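Chains as they are written, first to last, in the numbering used here: chain H, 4 to 332; chain L, 1252 to 1647; chain C, 17 to 305.
The next block holds one structure in the form of structure tokens; read it before the comments.
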């Protein structure tokens, strides 16, 4: 098993590495860039939802805060872009740290709504602090990212950058979940009370997971800003938050690869429908894409309620998260 | 673990395969039975999502025009294959859609997007790929780079907001009004309107006593309008599109406020009047000539093209086209004209676009040049007033 | 010019009108939540379907009363279909899965509304054609009275139903203790069906009553649904009276925020109030600590 697993991991790495060499189209590269960016956010959210058992419907706010911090530092303060990418995730992390302790005390739907409310609050602020953020019109003139003399201008270059960041995230996440802390998370996940009873400071650990998820969302946001070189508040709204949560749940809670798969499915499905609907129904408009998107989601959740990667019943799947369990139905 | 990584791998491969099919399909599709190779034009339109009320008439217009063009034999016998993609009013999707058109479909030119924000999002992409692009959105930033020069590859067909703002400011000066209240939608359209109106007001000695905002999805603006009622303003300027523009007008009338209510080109379709009903009467707005086409003098260079657009659209879709549809019309006609002159070469099409002058469109007479990628002046707009549920042309 | 009292009176009127709508949506949410344990994120789409179906039925020539009744029935049926098609099959799944399912349904319904009605905004005529009423310098439009009236009637009927009918008592029993209710022979599947039909009907009524004031578009339900949630939280999700108070309170807070602060911050104020309530009184303003 161990050997096979390593072999497969190796195959994935080779596949990702070779992709830009084989694929010429910057359209496909862009799809993979977006998948990579979303997967980084989803990894953080996956840690929070799957391991620490907390839900967030406001993750797009951290994604947006990262993007705006990077863009503002690069355009208004003329900081070098690379430095911005490293500094930008700090703001969302600090904000997560401040709001985390009170908010994470909430349970179930209350937590969903509190995070959702936070997301909308940040969205309104991005629109209203026009002097700093450019308001609803957005910020133009964001420079390209460069490391030394290499300028990340083409999508093929950017692909490597984003997927390296994703690879690093996955590596850390894999180590984290296998470490003692990972086991503690599992304990919180199966029963928070039991974990507390054996002396685990669950509140502090949940907070750490929340801060880490905000950091990763901020990192992805910063990378997004330097890729599109234009940002406005609209990609950081409630809908995006919901999409992030969808990615994690569809991929499979408490799995390492689930969030990556979820991100690939959401982005891939959108692009697939963009192509498939006009082919299947020549006179249909974009409306059908939306309808099918919704229906496919419902179907996935009906037939695989614990996500696509829940093939083998892990201990996680059996011990349904205490915080998310349906009381009765 | 094994199965999982396999699944991930499978999924990645599948994404490529699926989108790859798209490529194969679209390249084999056109030109069946035609003698000459089809010219491909792409369009990225905000057909669904918050900006759908802009994108839908644009999509309809584009579909109508391409059908007409092909019925007439296309461009020099080349049929035109127009590929319209929906970006769901989302910037990330707009970028992906634009790249798809450029890399997969190899289009000669791109039309899009409907909103300023989505248009700005694709500027970098089309510039890097060197594809002439015609936006249908208002913001002057779309065609103006940070250094003040025109974006080399990007053009636009909607009047810039500063043109509208100046028109309103001059009207106010003409009426002897100095103090106004300004209400705008809290999105890119309203924000750009606010910034440009502030500029125009300062230049014309007008004081903005009150600046209030409302969301595009708001159901009631009574609170904002109440502030206007409590202020010393002598006129109210509203920068919005229906339905919120209509709701606000109703709120304004129900509070019985007695001052001129000035809207913008954003209300330029019958929907505004249909929803606001009798409350719309008395509204004044600068607007493209589309809504008052029938009242124009016969000598007006745009009259004929306006009337034929209206009757064609009405015949096909059963309602009168909006000014947004007009932006789509102009974008398509400019692209076709440039391709006619330049042939299937992106760089030459760009150059041809810069050389188009005295071109009558729906939004005005276009005079494009190296220094001006919009090409519309204040004469492209007229002041109108709504009386008895009808648009009336106010001579200057 | 307008005096400060008149201004505040005006904010109160407009807050009460919108608040009544939020209250109705919150009511539908709370009843569904207590019977099934699910927060139905597709509730806003029921509002849309009710309003737009009524408009279409009027256009094909139905008299007003018939059009409105049919539209309400249609929305109720959509609720039933949603429950049978998606909620009932997944009743054993986790709450999170069920939330995601309702999101999926709302996306699909919104797409369907876009397909059927397009992006065009529509309107309905006011129920009576009368001049706005004036009170202390503030103005109240007659349709607002109908909206307020609907909220009052809906609550009155709901209480009558809960207190005086057998079915109502069964529902109330199930809301208090689902397991115990099942033990005494109350069928949870049928109750769940009832809950979704009921929320469809209430939401559609809300949509029809408010359309003369606000217009109707295919995506109108999204924000209304969200506001309904906030209202339900403010009032405490276990409590029908709380939902009504929460809704009205949210409407009034929004109107006063838009009136007294920079109006762009209105939605932020509503969210801050919600979060503060969640943190300090998680069971809502009416709930016990």
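Ideal Cβ placement from N, Cα and C applies to all residues, glycine included.
Just so we're clear, the structure is a prediction, and the values are computed from it rather than from any experiment.
Below-9 angstroms beta-carbon distance, residue i vs any chain L residue
{"i": "residue 34 of chain C", "result": "yes"}
{"i": "residue 239 of chain C", "result": "yes"}
{"i": "residue 238 of chain H", "result": "yes"}
{"i": "residue 94 of chain C", "result": "no"}
{"i": "residue 53 of chain C", "result": "no"}
{"i": "residue 1 of chain H", "result": "Nothing about residue 1 of chain H can be reported from this structure: the residues present for chain H run from 4 to 332 only."}
{"i": "residue 290 of chain C", "result": "no"}
{"i": "residue 227 of chain H", "result": "yes"}
Any C-beta of chain H under 9 angstroms from that of residue i
{"i": "residue 1363 of chain L", "result": "no"}
{"i": "residue 1481 of chain L", "result": "no"}
{"i": "residue 97 of chain C", "result": "no"}
{"i": "residue 1597 of chain L", "result": "no"}
{"i": "residue 1446 of chain L", "result": "yes"}
{"i": "residue 298 of chain C", "result": "yes"}
{"i": "residue 233 of chain C", "result": "no"}
{"i": "residue 1462 of chain L", "result": "no"}
Straight-line Cα distance separating residue j from residue i
{"i": "residue 1560 of chain L", "j": "residue 129 of chain H", "result": "40 angstroms"}
{"i": "residue 1453 of chain L", "j": "residue 236 of chain C", "result": "37 angstroms"}
{"i": "residue 1467 of chain L", "j": "residue 1485 of chain L", "result": "25 angstroms"}
{"i": "residue 1580 of chain L", "j": "residue 1290 of chain L", "result": "18 angstroms"}
{"i": "residue 1634 of chain L", "j": "residue 1646 of chain L", "result": "7 angstroms"}
{"i": "residue 43 of chain H", "j": "residue 240 of chain H", "result": "18 angstroms"}
{"i": "residue 1641 of chain L", "j": "residue 217 of chain C", "result": "38 angstroms"}
{"i": "residue 17 of chain H", "j": "residue 8 of chain H", "result": "14 angstroms"}
{"i": "residue 200 of chain C", "j": "residue 207 of chain C", "result": "14 angstroms"}
{"i": "residue 179 of chain C", "j": "residue 251 of chain C", "result": "21 angstroms"}
{"i": "residue 1335 of chain L", "j": "residue 1385 of chain L", "result": "14 angstroms"}
{"i": "residue 1492 of chain L", "j": "residue 1539 of chain L", "result": "15 angstroms"}
{"i": "residue 113 of chain H", "j": "residue 58 of chain H", "result": "10 angstroms"}
{"i": "residue 1619 of chain L", "j": "residue 1598 of chain L", "result": "16 angstroms"}
{"i": "residue 1502 of chain L", "j": "residue 1302 of chain L", "result": "23 angstroms"}
{"i": "residue 213 of chain H", "j": "residue 116 of chain C", "result": "21 angstroms"}
{"i": "residue 1586 of chain L", "j": "residue 1390 of chain L", "result": "20 angstroms"}
{"i": "residue 110 of chain C", "j": "residue 248 of chain H", "result": "14 angstroms"}
{"i": "residue 150 of chain C", "j": "residue 156 of chain C", "result": "6 angstroms"}
{"i": "residue 91 of chain C", "j": "residue 31 of chain H", "result": "42 angstroms"}
Where the beta strand (DSSP E) containing residue i begins and where it ends
{"i": "residue 1450 of chain L", "result": "No beta strand (DSSP E) holds residue 1450 of chain L; the alpha helix (DSSP H) holding it covers 1439-1454."}
{"i": "residue 1464 of chain L", "result": "1458-1465"}
{"i": "residue 1643 of chain L", "result": "1641-1645"}
{"i": "residue 1430 of chain L", "result": "1430-1436"}
{"i": "residue 1295 of chain L", "result": "1290-1296"}
{"i": "residue 1363 of chain L", "result": "1360-1363"}
Strand pairing of residue i, partner residues [DSSP]
{"i": "residue 1537 of chain L", "result": "L/1634"}
{"i": "residue 1510 of chain L", "result": "Bridge partners of residue 1510 of chain L: none, in fact."}
{"i": "residue 1401 of chain L", "result": "L/1395"}
{"i": "residue 149 of chain H", "result": "H/154"}
{"i": "residue 138 of chain C", "result": "C/232"}
{"i": "residue 1329 of chain L", "result": "L/1326"}
Closer than 9 angstroms to chain C by CB, residue i
{"i": "residue 1607 of chain L", "result": "no"}
{"i": "residue 1494 of chain L", "result": "yes"}
{"i": "residue 93 of chain H", "result": "no"}
{"i": "residue 1280 of chain L", "result": "Interpretation of residue 1280 of chain L is limited by its pLDDT of 43, a score under 50 that renders its predicted location unreliable; no figure is taken from the coordinates."}
{"i": "residue 1315 of chain L", "result": "no"}
Segment limits, alpha helix (DSSP H) that includes residue i
{"i": "residue 216 of chain H", "result": "205-231"}
{"i": "residue 274 of chain C", "result": "256-276"}
Item to check | Under 7 angstroms (Cβ pairs) to chain H, residues found in the region 1397-1422 of chain L | outcome: 1397
Checklist entry - For the region 250-284 of chain C, which residues have a beta carbon sitting closer than 8 angstroms to at least one beta carbon of chain D? => result Looking for chain D here will not work: the only protein chains present are H, L and C.
Checklist entry - Got a sec: which bits of the region 31-64 of chain H sit with their beta carbon under 7 angstroms from any beta carbon on chain C, in order along the chain? => result 58
Checklist entry - Of the residues that make up the region 1353-1383 of chain L, which ones have a beta carbon closer than 8 angstroms to any beta carbon in chain H? => result 1353, 1354, 1355, 1367, 1368, 1371, 1372, 1374, 1375, 1379 and 1380
Checklist entry - In chain order, what residues of the region 180-191 of chain C put their CB closer than 7 angstroms to some CB of chain H? => result none
Item to check | Selection of the region 143-155 of chain C by Cβ proximity to chain L, strictly under 9 angstroms | outcome: 148, 150, 154 and 155
Checklist entry - Closer than 7 angstroms, Cβ to any Cβ of chain H: which residues of the region 61-72 of chain C, in chain order? => result none
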